[in-house]
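Enquirer:
2 protein chains.
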Amino acid sequence: MTADPLSQVFAALADPTRRDMVARLCAGDATVGELAAPYDVSLQAVSKHLKVLEGAGLVTRGRDAQRRPVHLEAEVFDLMTKWIERYRREAEARYQRLDAVLAELNDETDGNDRSEQGETA
Amino acid sequence: MTADPLSQVFAALADPTRRDMVARLCAGDATVGELAAPYDVSLQAVSKHLKVLEGAGLVTRGRDAQRRPVHLEAEVFDLMTKWIERYRREAEARYQRLDAVLAELNDETDGNDRSEQGETA
DNA sequence: ATCGTGTTCAACCGATCGGTTGAACACGAG
DNA sequence: CTCGTGTTCAACCGATCGGTTGAACACGAT
């Protein structure tokens with residue numbers, strides 16, 4: 416049930432409604448009712464979505480009388496960004512290395528290429 | 416069936432096995448068999464995972480005799496990065512604005528609501 | 001033509017997902 | 001206290017997911 420954090424964040428954002436909620440929470444905190452307004456679904460459904468976002472650490476809930484204002488947490492984004500950037504850069508680097516290799520094949524002078532790659536489980 | 420691209424990418428990466436495949440594909444193209452080796456699951460399961468990644472545009476398949484080498488596409492990462500960065504920055508900006516707001520504190524008028532929303536399928 | 005390897009298709013299974021409805025809880029207002 | 005609003009819990013439903021197995025297809029080698 417408790418999936419790894421990265422999976423939870425990705426899964427949470429895999430839903431358009433949830434992504435839109437995050438987008439709107441950027442403008443400021445909101446209550447369940449306020450968040451639910453635009454999406455003709457039940458409040459319970461929105462509450463469930465929030466639980467997913469909360470589980471992923473993307474939002475936190477406050478307390479204001481009987482209201483539970485929802486607050487966006489920017490921190491968790493970094494987790495994703497780190498993962499993405501790491502592999503995107505590597506992939507791009509490899510891609511560019513390809514040009515170098517091709518150029519080298521053309522020149523056919525000498526070989527001083529060190530291709531390293533990191534593998535982490 | 417055809418969800419929006421962003422949802423597909425996020426969903427594809429929400430699975431640890433699929434994320435690991437992407438990580439390993441950074442080192443270079445691979446066949447289904449090679450990819451499957453570390454994960455004691457059936458080749459068919461890996462093939463399914465690949466189909467999800469392909470559907471999300473994260474990988475493409477080549478052709479080499481009876482083999483179908485898998486190639487990582489770095490481009491799609493940008494789609495995510497853009498989305499993430501946009502809202503992360505906004506959220507952080509808002510967070511820092513909080514100090515200013517607290518200092519000012521009595522004239523909180525709202526004015527701008529920048530939230531794009533599209534499909535509410 | 002036959003065999004073997006690599007890959008995919010198809011049907012099925014249990015678990016989870018996004019949604020519903022109905023009842024309950026929390027708490028301020030009258 | 002009672003009422004009303006905001007929110008959550010619980011049970012249920014159809015669809016999708018990640019996995020399986022078994023059969024089929026694609027193509028090189030013999």
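Those protein sequence lines, which keep their order, are chains A and B. Each residue of the first sequence is one higher than the last, beginning at 416 in the numbering used here. Each residue of the second sequence is one higher than the last, beginning at 416 in the numbering used here. Using N, Cα and C, we set each Cβ at its ideal position, and we do this for glycine too. Owing to the predicted nature of the structure, the values given are computational and were not obtained by experimental measurement.
(1) With DSSP as the reference, identify every bridge partner of B/Arg-504, one or two as the case may be.
(2) Could you give the DSSP three-state label for A/Ala-445: helix, strand or coil?
(3) Run the CB neighbour count on A/Asp-435, radius 10 Å, all protein chains shown included, and call it buried at 16 or more, exposed below.
(4) Tell me, to the nearest whole angstrom, how far the beta carbon of B/Val-461 is from that of B/Ala-445; I am working on the premise that it is less than 8 Å.
(5) Please report whether the beta-carbon of B/Tyr-502 lies at a distance below 8 Å from any beta-carbon of chain A.
(6) Which word fits A/Arg-504, buried or exposed, when buried means at least 16 other C-beta atoms lie within 10 angstroms of its C-beta?
(7) May I have the straight-line CA-CA distance separating B/Val-447 from B/Gln-459, to the nearest angstrom?
(8) Have a look at A/Gln-532 and B/Ala-438 and give me their C-alpha separation to the nearest angstrom.
(9) Taking one C-beta from the segment 494 to 502 of chain A and one from the segment 419 to 436 of chain A each time, how about it: are there three or more such pairs within less than 8 Å?
(10) For chain A, find out if any of its Cβ atoms is closer than 8 Å to the Cβ of B/Arg-434; answer yes or no.
(11) Going along chain B in order, which residues have a C-beta closer than 9 Å to the C-beta of A/Leu-494?
(12) Can the beta-carbon of B/Ala-489 be found less than 8 Å from the beta-carbon of A/Glu-488?
(13) Quick one: does A/Asp-479 have its CB under 8 Å from some CB of chain B?
Expert: Judging by the given coordinates:
(1) DSSP, once it has assigned bridges, lists no residue as partnering B/Arg-504.
(2) strand
(3) buried
(4) So it is not a contact: roughly 10 Å between Cβ atoms.
(5) yes
(6) exposed
(7) 9 Å
(8) Its pLDDT being 41, under 50, A/Gln-532 is placed unreliably by the model, and the measurement read from it follows with that caveat. Taking the straight line from one Cα to the other gives about 11 Å.
(9) yes
(10) yes
(11) By Cβ distance, chain B contributes nothing, its closest Cβ being about 10 Å from A/Leu-494, past 9 Å.
(12) no
(13) no
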